[in-house]
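Enquirer: Here our numbering is used: the first residue of the sequence shown is 68, the next is one more, and so on.
Each residue gets a CB set at the ideal place from its N, CA and C atoms; glycine is no exception.
Below is one structure. I have some questions about it.
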Amino acid sequence: MNGDNGKVGRDRLLIVDDEPDVRALFRDIAEDLGFTVAEAGDQGEFLAAYDALDPTVILLDLTLPGADGVELLRDLAGRKCTTPILLASGKDARVLATAQRLGRMLGLVMQGVLQKPITVPDLETALSEVLTGPPAISVEDFERAIDRNELVLHFQPKIDLRRADIYPIVGSEALVRWMHPVRGLVPPGEFIPLAEDSGLIGPMTEVVLRDAVAQLAAWRNQGFELPVSVNLSPRQLTDLSLPDRMIALLTDAGLDPSLLVTEITEQAAMSDIGKATDILTRLRLKDIAVSLDDFGAGYSSLVEIYRMPLSELKLDRSLIVDLDNDADARTVVKALVALARELGLPVCAEGVETDRTAAFLQSIGCEKAQGYFFSKPLPAEDFATLASGLCHDAPNRSAPLEHALA
Ligand code: C2E
Ligand code: MG
Ligand code: MG
């Protein structure tokens, strides 16, 4: 290396892998793309090369002899590293995804994952994206994701606030993610708008419903039954066959319909009010609950809520985040909870991030809550671990994520 502090070129890649042949291959590809490259084969070399190169991207093999990639992630977090990190591993996709989440929890910039054996095009694409930013997701990409079963559900616990001594889990919300082969876990905000615009929201929702019901059946077989909520988009509320298809899925799995809850937004219900009323009423008649999502996000009208056959009102996160510091927000939320009680509707607050918020909501009689204070959305196995034992100590809710890596 030459130049100031040995830091040459705009784009500097640090390759961390214990196999010299693999490093050499990666080096060739990266240098062709214009990267200045440094290599490390173990933790000691890694820290020295990190300090010397000041990389603009790190390619980190998770399975190193001695210290593993997770320890290196901790080293980087300790150094307040903001360099994008690409994780590579021959372990299965789930381990990679979990390590990626752990990195994010540590405050690191997790750029993506590469499943070994890494092909030349995979690495070229991943490194090019570091330079240019990821390309926009195309309709074809998302169609392929559905066909290849790359969509996964994470489950965020819903907590009964009336038992603040133990905060029992009383259900969960299924939230879809895309396990992208290169980008890692892609959040729904990055593909739901495209799914809505392209009409792929229909096939996507079929997958979500199928997987949620399969998960309910698997958990029933493991000995616990907790309702799962699924999000419906406006398009589903114009599909008159939806209630029958949902019942068919539940019946085939031998499940009680009350285990499946639907979440709709008021906007969705209003887009074709005739069909939406038909569908929602039939869902309720079939014992499938209907929850009004994102209430208070800006579109809701107080008047409409008594006209819809609702079973629950979910208060939007934008109302809840201000509770600790804003007396007016507390007044509004208190009034909404009182109104819902008058209408006989239980309330679930979304986005509860602090114990103060949880305590306030409990003091005004809000029945349920969801939020990072209790748990982030979790993969099914981690949710099952939490639900079957670890639900008594809220501040340690993220522990299963780390255990999953052990
Ligand atoms: P939503 O249905 O209102 O889901 C709640 C969102 O808030 C989730 O984001 C959840 O991770 C996040 N959240 C929960 N607690 C907290 C907290 O304490 N702090 C913060 N900062 N965030 C919290 P996510 O998973 O990214 O989903 C975003 C939205 O994408 C969902 O909002 C929903 O509208 C949509 N979505 C997710 N899965 C599906 C699906 O299967 N079908 C459809 N149609 N939409 C979905
Ligand atoms: Mg929701
Ligand atoms: Mg919501």
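So Gln167 packs on Leu252, CB below 8 Å; how close in whole Å?
Expert: Yes, they are in contact, since the Cβ atoms of Gln167 and Leu252 sit about 6 Å apart, within 8 Å.
Enquirer: List, from N- to C-terminal side, the beta strand (DSSP E) runs of 3 residues or more that fit wholly inside the region 243-295.
Expert: Entirely contained in the region 243-295, the beta strand (DSSP E) runs reaching 3 residues are, in chain order, 251-253.
Enquirer: Counting C-beta neighbours from all protein chains within 10 Å, is the total for Asn298 16 or more, i.e. buried, or is it exposed?
Expert: Buried, since its Cβ has 16 or more Cβ neighbours within 10 Å.
Enquirer: Does the Cβ-Cβ distance between Pro294 and Leu326 come in under 9 Å?
Expert: Yes, they are a contact pair.
Enquirer: Since Asp383 contacts Ala364 with CB under 8 Å, what's their CB separation in whole angstroms?
Expert: Contact holds; Cβ gap of about 4 Å.
Enquirer: Sorry if obvious, but does the Cβ on Ile259 come closer than 8 Å to a heavy atom of ligand 1?
Expert: Under cutoff, so the answer is yes.
Enquirer: Would you report the Cα separation of Ile259 and Arg215, rounded to the nearest angstrom?
Expert: So the two alpha carbons sit approximately 17 Å from each other.
Enquirer: Taking 8 Å as the cut-off, is the C-beta of Asn298 nearer than that to any heavy atom in ligand 1?
Expert: Correct: Asn298 has its Cβ closer than 8 Å to ligand 1.
Enquirer: Put Phe113 into one of helix, strand or coil per three-state DSSP.
Expert: Reduced to three states, the DSSP call for Phe113 is helix.
Enquirer: Alpha carbons only, please: which of Leu283, Thr329 and Asp354 is nearest the one belonging to Ser300?
Expert: Considering only alpha carbons, the answer is Thr329.
Enquirer: Following a CB-centred definition, is Phe113 positioned closer than 8 Å to any heavy atom of ligand 1?
Expert: Answer for Phe113: no, Cβ out of range of ligand 1.
Enquirer: Determine the DSSP secondary structure at Arg312, reduced to helix, strand or coil.
Expert: Arg312 falls in the helix class under three-state DSSP.
Enquirer: So Pro310 packs on Arg349, CB below 8 Å; how close in whole Å?
Expert: Between Arg349 and Pro310 the Cβ distance is about 4 Å, and since that is below 8 Å, they are a contact.
Enquirer: Roughly how many angstroms separate the alpha carbons of Val206 and Gln429, rounded to a whole number?
Expert: Cα-Cα distance, rounded: 44 Å.
Enquirer: Excluding five sequence neighbours on each side, which residues of the same chain lie with their C-beta closer than 7 Å to the C-beta of Val404?
Expert: Excluding sequence neighbours, Val404 sits near Val414, Ile431, Gly432 and Cys433.
Enquirer: Assess contact between the region 101-111 and the region 133-142, defined as three or more Cβ pairs (one per stretch) separated by less than 8 Å. Is contact present?
Expert: The answer is yes - the region 133-142 touches the region 101-111, with three or more Cβ pairs under 8 Å.
Enquirer: Pick helix, strand or coil for Gln303, following the three-state DSSP scheme.
Expert: Helix.
Enquirer: Report the residue ranges of all alpha helix (DSSP H) runs contained in full by the region 103-187; include only those spanning at least 4 residues, in chain order.
Expert: Within the region 103-187, the complete alpha helix (DSSP H) runs of at least 4 residues are 110-120, 136-145 and 160-172.
Enquirer: Quick check: Ile355 and Pro324, are their CB atoms within less than 9 Å of each other?
Expert: For Ile355 and Pro324, yes; Cβs fall inside 9 Å.
Enquirer: Could you give the residue range of the beta strand (DSSP E) that holds Gln223?
Expert: From DSSP, the beta strand (DSSP E) with Gln223 extends over Leu218 to Asp227.
Enquirer: Tell me which residues share the same chain as Leu304 and place their Cβ nearer than 8 Å to its Cβ, disregarding the 5 neighbours each side in the sequence.
Expert: Correct list, in chain order: Ile331, Ala335, Ala336, Ser338, Asp339, Lys342, Ala343, Ile346 and Leu347.
Enquirer: Would you say the beta carbon of Thr272 is closer than 8 Å to some non-hydrogen atom of ligand 1?
Expert: Correct: Thr272 has its Cβ closer than 8 Å to ligand 1.
Enquirer: Distance, Cα to Cα, Arg287 vs Ser358?
Expert: Rounded to the nearest angstrom, the two C-alpha atoms are 23 Å apart.
Enquirer: Just checking, does the region 110-127 make contact with the region 138-151 on the three C-beta pairs under 8 Å criterion?
Expert: As far as the Cβ criterion goes, the region 110-127 touches the region 138-151, which means the pair count is three or higher.
Enquirer: Identify whether Ile236 lies in helix, strand or coil by the three-state DSSP scheme.
Expert: Strand at Ile236.
Enquirer: Taking 8 Å as the cut-off, does the CB of Lys435 come closer than this to any heavy atom belonging to ligand 3?
Expert: Lys435 Cβ: outside cutoff for every heavy atom of ligand 3.
Enquirer: Less than 8 Å separating the Cβ of Pro255 from some heavy atom of ligand 1?
Expert: Correct: Pro255 has its Cβ closer than 8 Å to ligand 1.
Enquirer: Just to confirm, does Glu210 get its C-beta within under 8 Å of one of the non-hydrogen atoms of ligand 2?
Expert: No, since every heavy atom of ligand 2 falls outside the 8 Å radius drawn around the Cβ of Glu210.
Enquirer: I need the DSSP call for Ser442, collapsed to helix, strand or coil.
Expert: In this structure, Ser442 counts as coil in the three-state DSSP scheme.
Enquirer: Which one of Pro224, Pro235, Gly269 and Met172 has the shortest CA to CA distance from Phe209?
Expert: Of Pro224, Pro235, Gly269 and Met172, the residue nearest in Cα terms is Gly269.
Enquirer: Does DSSP classify Ile355 as helix, strand or coil?
Expert: Of the three classes helix, strand and coil, the one that applies to Ile355 here is coil, per DSSP.
Enquirer: When you compare only the Cα positions, how much space is there between Val249 and Ala193?
Expert: Distance between the alpha carbons of Val249 and Ala193: 7 Å.
Enquirer: If you run the structure through DSSP and keep just helix, strand and coil, what is Thr329?
Expert: In the structure shown, Thr329 sits in a strand (DSSP, three-state: E or B).
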